[in-house]
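What follows is one structure encoded as structure tokens, with my remarks underneath.
Below, the structure is given as structure tokens:
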């Protein structure tokens, strides 16, 4: 693997935090809404299984990027999977599909932030989106290293806030946790959203690039990042269910949690929500900037503008809820996993070795990951009852 640019170098915890920050956002704040329509047993089983299958998926993605010198998805697809007269058409189609997913994903973050600013400060929907856009996009403007540093401190702050919220919840009136099987549709919907919440697939190449191709640290950062993310999902979900019961809306978990607990806890909940949305905004916008840059060869600053501005326009113009935008984005992004698996199989055959995955990258495991990805996609479009 070729040496990476020094300016892209990350520490282990900065790389880990990028994995965490990518997932902690629209997904983690939506899981409690879907968990309220399932039992605690389903929540724990689905979360554990999703961690294992996502760990393998992310290591596969890391190895695909590793084999292509830390490149993002579209470049990997272009080199490994597309060929012939239609190569350019396929490449641009993949670019459009993946770009659309990220744009709607980031739009969900802007919508969620607007909900928080409206409830906290009484700002208008438009004003809240513009404020969050300026603060979030400003960090990404300075590139990978600054994003990594900001992610690291923000993740530490979120872990602290979750601990405070859980303690405050346990001191108040505790609601009964949902029990009993609520149906296959509800379980699949939860599976789809948890899979999406753990997904940091587009940030994985940033880890490969930022850690300079160090195989041991790449594996460790991915495993630790997904593990901490799974723990945060569980804590946020349990805290919200214990405080608010099954009466959770689609505005985002901690908006509901804050409304039920009130007082200073309400402010803490809003702070967590903004940190969670900011970390995901940074990671996703940085990824899209790099994809635009690799595909168009535009200047990085112009690529940054092309990656971030459409997200703001969609959020302002499309009348969709926070959960609605998040679920729409998950449909496209999870489907992308199928393309990744095919590209990885071709890349592994070309390289004739496996730097990160080993025997877990062979056909049976690839088929399993592919089936799980399809199942998560189905879950993303199902309605809960």
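Residue numbers (the numbering used here): 268 to 652. Where is the CB? At the ideal position from N, CA and C, for every residue including glycine. Just so it is clear, the structure is predicted and the values come from calculations on it, not from any experiment.
Among the options, nearest to residue i - alpha-carbon criterion
i: residue 574; options: 360, 644, 483, 374; result: 374
i: residue 555; options: 643, 399, 365; result: 365
i: residue 614; options: 281, 346, 515, 398; result: 346
i: residue 651; options: 297, 379, 279; result: 297
i: residue 377; options: 408, 640, 403; result: 403
i: residue 628; options: 462, 318, 322, 277; result: 322
i: residue 358; options: 533, 340, 552; result: 340
i: residue 282; options: 537, 527, 566, 490; result: 490
i: residue 552; options: 463, 456, 512, 400; result: 400
i: residue 498; options: 465, 487, 483; result: 465
i: residue 493; options: 325, 585, 276; result: 325
i: residue 649; options: 456, 619, 528; result: 456
i: residue 368; options: 618, 463, 485, 566; result: 463
i: residue 437; options: 478, 477, 524, 380; result: 524
Nonlocal neighbours in the same chain, by C-beta distance under 6 Å from residue i, ignoring five residues either side
i: residue 671; result: Absent from the model: residue 671. The displayed extent of the chain is 268 to 652, so no value can be given.
i: residue 274; result: Model confidence at residue 274 stands at a pLDDT of 49, short of 50, so the residue's coordinates are unreliable and nothing is read from them.
i: residue 459; result: 643, 646, 647
i: residue 453; result: 304, 305, 651
i: residue 582; result: 374, 377, 378, 396
i: residue 310; result: 302
i: residue 578; result: 370, 373, 374
i: residue 398; result: none
7 Å CB neighbourhood of residue i in its chain, flanking five on each side removed
i: residue 284; result: 415, 418, 419, 422
i: residue 332; result: 338, 343, 471, 472, 475
i: residue 639; result: 320
i: residue 501; result: 314
i: residue 543; result: 291, 292, 295, 296, 425
i: residue 299; result: 503, 504, 507, 508, 515, 520
i: residue 406; result: 413, 414, 417, 549
i: residue 621; result: 330, 615, 628
i: residue 268; result: Annotation note: pLDDT 49 at residue 268 (below 50); position unreliable, coordinate value reported separately. The residues are 333, 336, 480.
Cβ neighbours of residue i in the same chain (closer than 8 Å, five flanking residues each side left out)
i: residue 385; result: 391, 392, 395
i: residue 570; result: 556, 557, 559, 560, 563
i: residue 354; result: 345
i: residue 445; result: 302, 303, 304, 305, 306, 307, 508, 513
i: residue 641; result: 605
(request) Report yes or no: do the stretch 555-563 and the stretch 295-309 share at least 3 C-beta pairs separated by less than 8 Å? (result) Cβ pair count under 8 Å is below three, so no.
(message) Under 8 Å, with one C-beta from each stretch per pair, do the stretch 427-439 and the stretch 501-512 reach the 3-pair mark?
(response) Flag = yes, the stretch 427-439 and the stretch 501-512 touch.
(request) Can you check the stretch 294-354 for any alpha helix (DSSP H) of at least 4 residues that lies completely inside it and give the ranges in chain order? (result) Complete alpha helix (DSSP H) runs here, min 4: 307-333, 340-347.
(request) Output the residue ranges of the alpha helix (DSSP H) runs that lie fully inside the stretch 378-422 and measure 4 residues or longer, sorted by chain position. (result) The stretch 378-422 contains these whole alpha helix (DSSP H) runs: 392-407.
(message) Ignoring anything shorter than 4 residues, give me the alpha helix (DSSP H) runs that lie fully in the stretch 544-590, in order along the chain.
(response) Within the stretch 544-590, the complete alpha helix (DSSP H) runs of at least 4 residues are 567-584.
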